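Below is one structure; the comments refer to it alone.
In UniProt numbering, the protein residues as written are 1 to 207.
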């Protein structure tokens with residue numbers, strides 16, 4: 001429950017994770033909550049702060065740059081490999097997730113937008129046939145979920161079509177088994193996302 005609340009943005013960055021309060025909300029003893037917080041720290045979703053204890057990890061431009069540099073390396077390669085081997089059936093599955101994502105965009109449901117986007121990409125990356133690569137990417141998605149929420153919210157507020165345009169182009173490349181195009185689109189999408197998140201964090205800092 002705590003893990004989901006962080007990924008959904010219900011517990012934003014900087015929120016204190018008070019063990020007794022969380023245990024009362026969940027209806028359990030403090031031991032499972034303490035263990036859950038320990039796992040969140042290991043996953044990079046929570047951290048310890050002096051005089052506060054555990055908090056949802058704060059967002060920083062430095063971490064943003066580090067995470068997105070690694071994402072770009074891994075996901076560009078996953079898109080390249082996946083697009084070479086993906087089947088027509090899996091492209092149809094990608095299409096279904098893309099359409100659900102477009103609906104979520106229209107309804108301004110940020111978390112659903114990200115969920116369907118990740119499912120769509122998982123299908124493509126899974127076609128690469130390397131489960132270790134896919135797991136590393138999914139772990140990074142969890143680690144940077146709060147950043148992704150910042151970027152998606154900014155795009156929704158700006159009515160920015162890049163929230164779906166890159167995915168539309170990626171799907172088209174996958175249907176053609178065009179590895180070069182898929183890798184290029186993935187790189188451009190992640191670069192654009194990183195720039196937009198950086199701008200969003202700067203705006204929050206000034207507010």
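Where is the CB? At the ideal position from N, CA and C, for every residue including glycine. Computed from a predicted model, the values in this text were never measured in an experiment.
Quiz item: Beta-carbon separation of residue 54 and residue 43 under 8 Å?
Solution: Working through the chain shown from its first residue, we reach residue 54 at position 54. Working through the chain shown from its first residue, we reach residue 43 at position 43. Not a contact, by the Cβ cut-off of 8 Å.
Practice problem: Assign residue 16 to buried or exposed, taking buried as 16 or more other Cβ atoms, counted over all protein chains shown, within 10 Å of its Cβ. | Solution: Locating residue 16 in the chain shown gives position 16, where the first residue counts as 1. So residue 16 counts as exposed.
Quiz item: What residue range is occupied by the uninterrupted beta strand (DSSP E) comprising residue 47?
Solution: The count along the chain shown starts at 1 and reaches residue 47 at position 47. From DSSP, the beta strand (DSSP E) with residue 47 extends over 46-49.
Quiz item: What did DSSP end up calling residue 9 once you bin it into helix, strand or coil?
Solution: Here residue 9 refers to the residue found at position 9 when the chain shown is read from its first residue. Residue 9 falls in the coil class under three-state DSSP.
Exercise. State the start and end residues of the unbroken beta strand (DSSP E) segment that holds residue 53.
Key: Working through the chain shown from its first residue, we reach residue 53 at position 53. It spans 53-56 - the beta strand (DSSP E) in which residue 53 sits, taken as one unbroken run.
Quiz item: Of the choices 48, 72, 11 and 79, whose alpha-carbon is the least far from that of residue 176?
Solution: Reading the chain shown from its first residue, position 176 is the one you call residue 176. Answer by Cα proximity: 79.
Exercise. Mind listing, in chain order, the continuous alpha helix (DSSP H) runs of no fewer than 4 residues lying wholly within the region 140-207?
Key: 145-158, 162-175 and 179-206
Quiz item: Tell me which same chain residues have a C-beta within less than 7 Å of the C-beta of residue 209, skipping the five on either side of it?
Solution: What is shown of the chain runs 1 to 207, which leaves residue 209 out entirely.
Self-check item: Member of 181, 151 and 182 whose CA lies at the smallest distance from the CA of residue 193
Solution: Mapped onto the chain shown, residue 193 falls at position 193. Residue 193 has its Cα closest to that of 151, out of 181, 151 and 182.
Practice problem: Decide yes or no for the touch test of the region 178-194 against the region 90-97: beta carbon pairs closer than 8 Å, at least 3 of them. | Solution: no
Quiz prompt | For residue 72: DSSP bridge partner residues | solution = Residue mapping note: residue 72 aligns to position 72 of the chain shown, counting from 1. Bridge partners of residue 72: none, in fact.
Exercise. Provide the residue span of the alpha helix (DSSP H) that contains residue 88, from first to last.
Key: Translated into positions along the chain shown, residue 88 becomes position 88. Element bounds for residue 88: 88-106.
Quiz item: Where residue 71 and residue 56 are concerned, what is the direct C-alpha to C-alpha distance, given to the nearest angstrom?
Solution: Numbered from its first residue, the chain shown carries residue 71 at position 71. Numbered from its first residue, the chain shown carries residue 56 at position 56. Cα-Cα distance, rounded: 21 Å.
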